[in-house]
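Each residue of the sequence shown is one higher than the last, beginning at 267 in my numbering.
Don't be surprised by glycine CBs; every beta carbon is placed ideally from N, CA and C.
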Amino acid sequence: MKKMTDEKSKKDLKEKASSPKEPAKEKKTTPTQKTKAKPESKAGKKASPKKAVLNSKEIDKLIVENADLHTKTSEFQNKFLLLAAEFENYKKRINKDQIRAKELYRDNMLANLLPVLDDIDRALQHHEKDGEIAKGFEMIRNKLLSYLENYKVVPFNSVGEKFDPEKHNAMLTRADKSEKDSIILEEFEKGYMIDNKVLRHAKVIVNIIE
C-alpha cells in the first residue's frame, strides 16, 4: 500500500514539473494611488534679500555727496566749454594771422613794382609821345598797370585834394593865398590803394597859409 502511494506522489511531481508556469501578475496602480511630492527642504529655498533701510544721517550724507558731485560735474562742464571756446578763438586768430601774413607778403611784392612804374612815368615825361621809345614805355606801363589792377591796386589823385595824413606824406609846404589852406598843390610821387587801403602814400607839397 505504501509503495503505491509513493509512486503516485512521484507521478504528481513529474506532471507539475512538465506543466508551464503562469506569469506573475503585474500590480495595477489605481488612479487614486498617486505619489505624493516630497516637500522641499527649508535648506533648499533661497532666502529673499532684505531691503536696506537708511537712517536720516545716511540720507543726509547721500544728499550732500550728490550735491557735491553735481557741483563738480558743472565745474568740469564749464571748464570744458571755456577750453572749447578758447580753442575756437585760437583757430580764428591763427587763421586771421595767416591771412594777414599772406596779405603783407602780397602788398610788399606789389609795392616793389611801383618804383618801376614811377621810372616809366618819368621816362614818358622826357620823351615825345609819338616816338618809338615812348610807345614802348607806354606799352610796358599799360601791361604793368593791368597786372596791378588784377590785385585791385589803383592810383589815387592828390592834387587839389585836402591833405590827409592817412594817404599823403607832406614833403614841402607853400603859402599860396590863391588856394585854400591844407590843399595839395603838387605831387612828387603818386599814391596807390589796394582793397580800399593805402598801399603807398603819395608824396606831396601842401599849401599852408599862416
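Requested in this report: Drop a sphere of 10 angstroms on the beta-carbon of K300, count the other beta-carbons inside from all chains shown, and report buried for 16 or more, exposed for fewer.
Outcome: A caution first: K300 carries a pLDDT of 49, below 50, which makes its placement in the model too unreliable to give a value.
Query raised in the report: Quick one: what's Y458 bridged to in DSSP?
Result: P421, R466
**Report entry** Length of the line joining the Cα atoms of V382 and A389
**Finding:** 11 Å
Query raised in the report: What residue does the alpha helix (DSSP H) around N374 start on, and which one ends it?
Result: 322-377
Requested in this report: Please classify E415: does DSSP put it in a helix, a strand, or coil?
Outcome: helix
Query raised in the report: For E369, which option in K418, G426, N435, I475 has the closest C-alpha, if you only look at C-alpha atoms?
Result: K418
Query raised in the report: Is the beta carbon of S424 sitting closer than 8 Å to the one on E453?
Result: yes
Query raised in the report: V472 and S444: beta carbons closer than 8 Å?
Result: no
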